[in-house]
Amino acid sequence: MTATSSRILRQAGSSFDALSYLSIQPIVSYAASMTDKTLHPDAMQTWAPQRRLTLAQARRRSDRVGMIRMFFVAAAAISAGIIIGPIVASSLNGSSQGITRISGDQVITMINPRFSGRNYAGETYTITAETAQRRRDDPETIDLKRPKLINEHGSEITAPVGVFYQKDDYLYLSQTVSVRESTGYELQTEAADIYVASSQVSGRNPLTGHGPLGSIKADSYEISEDNGRLILRGNVEMTIYPDRRDRPTPDLAKEPDS
């Protein structure tokens with residue numbers, strides 16, 4: 453090969469290298485740029501948020517949430533009204549039916565009243581009844597239905613009706629009065645005047661009864677709890693049971709007919 457041909461080949465090779473470089477360079481640059489984009493996806497996602505909301509979108513979303521919340525609150529209130537409403541209505545109706553207006557000429561009735569006190573000796577007594585009504589013209593006077601007087605000794609006096617004069621500690625009983633003495637006597641009469649402060653019981657109506665000693669009958673009577681005496685007056689009849697003579701009995705005193 454001559455020197456001239458060698459020079460031509462060297463020039464051609466250099467030209468080829470230059471052309472190759474020029475043609476390959478854009479491809480390499482494009483490949484490099486593509487490689488940077490494809491080889492680092494996480495970095496690209498980090499710097500580019502996927503769900504960026506605009507201010508208008510955020511407001512629309514907040515409005516929707518508020519409307520949903522109001523809907524649930526309203527639904528809960530309606531449900532509570534449906535459940536609780538009938539209960540409240542029935543209770544109010546029951547309360548209104550249970551309240552009775554009192555006119556000027558009516559009195560208040562007490563149910564199962566209880567009056568307690570002490571007699572002159574300091575012993576306790578209790579008066580109970582099914583109902584009690586204070587009189588409008590005299591509040592210290594109380595009308596009783598089925599009253600019962602019980603003293604500290606265990607004696608009981610009952611009757612269908614009675615009047616308690618609270619200021620005077622005086623109890624009047626009528627209509628089949630029953631007396632159960634602590635000594636064992638059971639007496640019946642039509643009416644009884646009871647002075648609870650002095651533990652005295654008396655009556656001007658016929659009295660009948662029986663006890664440990666026997667049976668008795670009289671036109672009037674007087675009973676004293678303090679000393680255990682039973683005084684009979686008018687047409688007194690007494691039957692003594694011999695087999696019970698040794699049992700304790702109250703002091704019976706018979707007064708002559710007047």
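The sequence shown begins at 453 in my numbering and counts up by one. For glycine and all other residues, C-beta sits at the position ideal for the given N, C-alpha and C.
Quiz prompt | Beta-carbon spacing of residue 715, residue 616 below 7 angstroms | solution = With the chain running from 453 to 710 in the structure shown, residue 715 is simply not present.
Quiz item: Is it true that the CB of residue 652 sits closer than 7 angstroms to the CB of residue 676?
Solution: Contact annotation: residue 676 and residue 652 have beta-carbon atoms nearer than 7 angstroms.
Exercise. Quick one: residues in its chain with C-beta nearer than 7 angstroms to the C-beta of residue 460, no 5 flanking neighbours on either side, listed in chain order?
Key: Because residue 460 sits at a pLDDT of 46, beneath the cut-off of 50, its placement in the model cannot be relied upon, and the point is left open.
Quiz item: Quick one: what's got a C-beta closer than 6 angstroms to residue 592's C-beta in the same chain, skipping five residues either side?
Solution: Cβ neighbours of residue 592 beyond the five flanking positions: 618, 619.
Practice problem: Give the C-beta separation of residue 724 and residue 655 to the nearest angstrom, bearing in mind that I take them to be a contact with Cβ-Cβ under 8 angstroms. | Solution: The structure shown does not extend to residue 724, since the chain is modelled only from 453 to 710, so the question has no answer here.
Quiz prompt | Residue burial classification, residue 628 (beta-carbon count within 10 angstroms, cutoff 16) | solution = That one is exposed.
Quiz prompt | Whole-angstrom C-beta distance between residue 583 and residue 562, which should lie under 8 angstroms | solution = Going by Cβ atoms, the distance from residue 562 to residue 583 rounds to 7 angstroms, so yes, they are a contact pair.
Exercise. Give the DSSP-derived three-state secondary structure of residue 595 in the structure shown.
Key: Residue 595 sits in a strand when the DSSP states are folded into three classes.
Self-check item: Cβ-Cβ separation, residue 637 to residue 661 (assumed contact under 8 angstroms), whole Å
Solution: About 6 angstroms separates the two Cβ atoms, so the contact holds.
Quiz item: Helix or strand or just coil, what does DSSP make of residue 670?
Solution: In the structure shown, residue 670 sits in a strand (DSSP, three-state: E or B).
Exercise. Alpha carbon to alpha carbon, how far is residue 664 from residue 590? Give it in angstroms, no decimals.
Key: Here the alpha carbons of residue 664 and residue 590 stand approximately 43 angstroms from one another.
Exercise. Report back the beta-carbon spacing between residue 608 and residue 575 to the nearest angstrom; my notes put them in contact at under 8 angstroms.
Key: With a Cβ gap of about 15 angstroms, residue 608 and residue 575 do not count as contacting.
Quiz item: Which value, in whole angstroms, describes the spacing of the CA atoms of residue 683 and residue 674?
Solution: Straight-line Cα distance between these residues: approximately 5 angstroms.
Quiz item: With DSSP run on the structure shown, which of helix, strand or coil describes residue 521?
Solution: Secondary structure of residue 521 (DSSP, three-state): helix.
Quiz item: Tell me which same chain residues have a C-beta within less than 8 angstroms of the C-beta of residue 552, skipping the five on either side of it?
Solution: Residue placement at residue 552 cannot be trusted, given a pLDDT of 49 that sits under 50; the coordinates are not used to answer.
Quiz item: In chain order, what residues of the same chain have a beta carbon less than 8 angstroms from the beta carbon of residue 570, not counting five sequence neighbours either side?
Solution: Closer than 8 angstroms at the Cβ level, and outside the excluded window around residue 570, lie 576, 577.
Practice problem: Give the secondary structure of residue 488 by DSSP, where H, G and I count as helix, E and B as strand, and everything else as coil. | Solution: Because the pLDDT at residue 488 is just 48, under 50, the model does not fix this residue reliably, and the value given afterwards should be weighed accordingly. DSSP, reduced to helix, strand and coil, places residue 488 within a helical segment of the structure shown.
Quiz item: Exposed or buried, what is residue 523 when buried is set at 16 or more other beta-carbons lying within 10 Å of its beta-carbon?
Solution: With a 10 Å radius around the Cβ and a threshold of 16 neighbouring Cβ atoms, residue 523 comes out exposed.
Exercise. Could you pull the start and end residues of the beta strand (DSSP E) that residue 603 belongs to?
Key: Per DSSP, residue 603 belongs to the beta strand (DSSP E) from 600-603.
Exercise. State yes or no: is the C-beta of residue 621 within less than 7 angstroms of the C-beta of residue 649?
Key: It is a contact, given that the beta carbons lie within the stated cut-off.
Quiz item: Which residues mark the beginning and the end of the beta strand (DSSP E) in which residue 572 is found?
Solution: That residue, residue 572, is in no beta strand (DSSP E); it is neither H nor E in DSSP.
Exercise. Using the DSSP secondary-structure output, state which residues sit across from residue 590 in a beta bridge.
Key: Looking at the DSSP assignment, residue 590 forms no beta bridge with any residue, so it has no partner.
Exercise. Using the Cα positions of residue 512 and residue 525, report the straight-line distance between them to the nearest angstrom.
Key: Between the alpha carbons of residue 512 and residue 525 lies a gap of roughly 20 angstroms.
Quiz item: Where does residue 632 sit, in a helix, a strand or coil, going by DSSP?
Solution: Strand at residue 632.
Quiz item: With a CB to CB cut of under 7 angstroms and the five nearest residues on each side skipped, what residues in its chain are close to residue 528?
Solution: Taken in chain order, the list of residues that qualify is empty.
Quiz item: Smallest Cα separation from residue 564: which of 588, 516, 598?
Solution: Nearest of 588, 516, 598 to residue 564, Cα basis: 598.
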